[in-house]
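Residue numbers for the sequence shown follow numbering that gives the first Met the number 0, so the first one is 0 and each next one is one higher. Presented below is the structure to which this report refers.
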Amino acid sequence: MTDAGESSRVILIPIDGSDHCDRAFRWYLENMKRDTDCITFVHVIEPVYNTPAIGMTMESPPIPDMTRVMEESIEQGKKLGQKYMHEAKSHKLNAKAFLHVDTKPGSSLVKAISDHKANVILMGNRGLGAIRRTFLGSVSDYVLHHAHIPVVIVPPQERQ
């Protein structure tokens with residue numbers, strides 16, 4: 000416990016460089032922030048696998064090309080983490096940033112909740128309708144239904 004009687008919360012915020020993530024972080028700062036919070040930023044990188052489409056044959060790219068693309072993704076992920084760490088520091092927040100590599104971002108985030116002992120996960124969403132979400136899938140929808148902690152989903156602003 001702190002002197003103010005508040006215990007520290009671990010707030011997990013997935014980041015991917017989108018406006019939706021920026022909106023969620025701004026919402027946190029304006030509506031939820033406590034001085035004792037520890038922010039855990041998590042960026043999930045999906046590994047590069049080239050598989051042929053059903054009924055079509057394709058030649059896979061050479062392994063060095065796939066390795067280069069993965070290395071570039073990791074470098075971009077590090078820069079993204081640094082951007083959010085800088086932003087957190089400017090607001091005097093205790094923060095950490097992590098990269099996770101997984102083929103399924105939703106399940107990776109649910110695992111990250113346990114790994115990082117998060118108390119709350121806060122994320123933005125794209126505002127897809129039910130039909131588009133059914134066909135395209137939704138990371139926020141997956142997390143909402145599989146996380147065992149409170150989930151805060153910050154929607155996009157209503158269109159005027």
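For glycine and all other residues, C-beta sits at the position ideal for the given N, C-alpha and C.
CB contact flag (HIS115, VAL9, <8 Å): Taking the first residue of the sequence shown as position 1, residue 115 is located at position 116. Taking the first residue of the sequence shown as position 1, residue 9 is located at position 10. Result yes, Cβ atoms of HIS115 and VAL9 sit closer than 8 Å.
Short Cβ contact (8 Å threshold) for ILE112 with ILE152: By 1-based counting over the sequence shown, the position of residue 112 is 113. By 1-based counting over the sequence shown, the position of residue 152 is 153. At the C-beta level, ILE112 and ILE152 stay beyond 8 Å of one another.
Top-ranked residue by Cα proximity to ARG125, from GLN75, ALA23 and ILE38: One-based indexing of the sequence shown puts residue 125 at position 126. Restricting attention to GLN75, ALA23 and ILE38, the CA atom closest to the CA of ARG125 is found in ALA23.
Given 8 Å, three or more beta-carbon pairs between the segment 26–38 and the segment 62–79: Flag = no, the segment 26–38 and the segment 62–79 do not touch.
Residues near ASP18 by beta carbon distance below 7 Å, same chain, minus five either side: Looking up residue 18 in the sequence shown gives position 19. Excluding sequence neighbours, ASP18 sits near nothing in its chain.
Three-way DSSP call (helix, strand, coil) for ASP2 in this model: Here residue 2 is taken as the residue at index 3 of the sequence shown, counted from 1. Residue confidence is low: ASP2 scores 49 on pLDDT, short of 50, so the model does not pin down where it sits. Its coordinate-derived value is still stated next. Three-state result, ASP2: coil.
Same chain, Cβ closer than 8 Å to VAL109, neighbours up to 5 away in sequence not counted: Translated into the one-based positions of the sequence shown, residue 109 becomes position 110. Contacts found: TYR141, VAL142, HIS145 and ALA146.
Endpoints, the beta strand (DSSP E) within which PRO155 is located: Counting from 1 along the sequence shown, the entry for residue 155 is found at position 156. It is not in any beta strand (DSSP E) - PRO155 carries neither H nor E in the DSSP assignment.
Three-way DSSP call (helix, strand, coil) for LYS77 in this model: Here residue 77 refers to the residue found at position 78 of the sequence shown. It is helical.
Cα-Cα separation, MET55 to ARG25: The residue labelled residue 55 in the question sits at position 56 within the sequence shown. The residue labelled residue 25 in the question sits at position 26 within the sequence shown. Residue confidence for MET55 is low, a pLDDT of 49 falling below 50, so the modelled location carries little weight; the figure read from the coordinates is stated next. Spanning the two alpha carbons is a distance of roughly 45 Å.
Euclidean distance between Cα positions of GLU71 and MET122: Residue numbering aside, residue 71 sits at position 72 when the sequence shown is read from its first letter. Residue numbering aside, residue 122 sits at position 123 when the sequence shown is read from its first letter. Those two C-alpha atoms are separated by around 25 Å.
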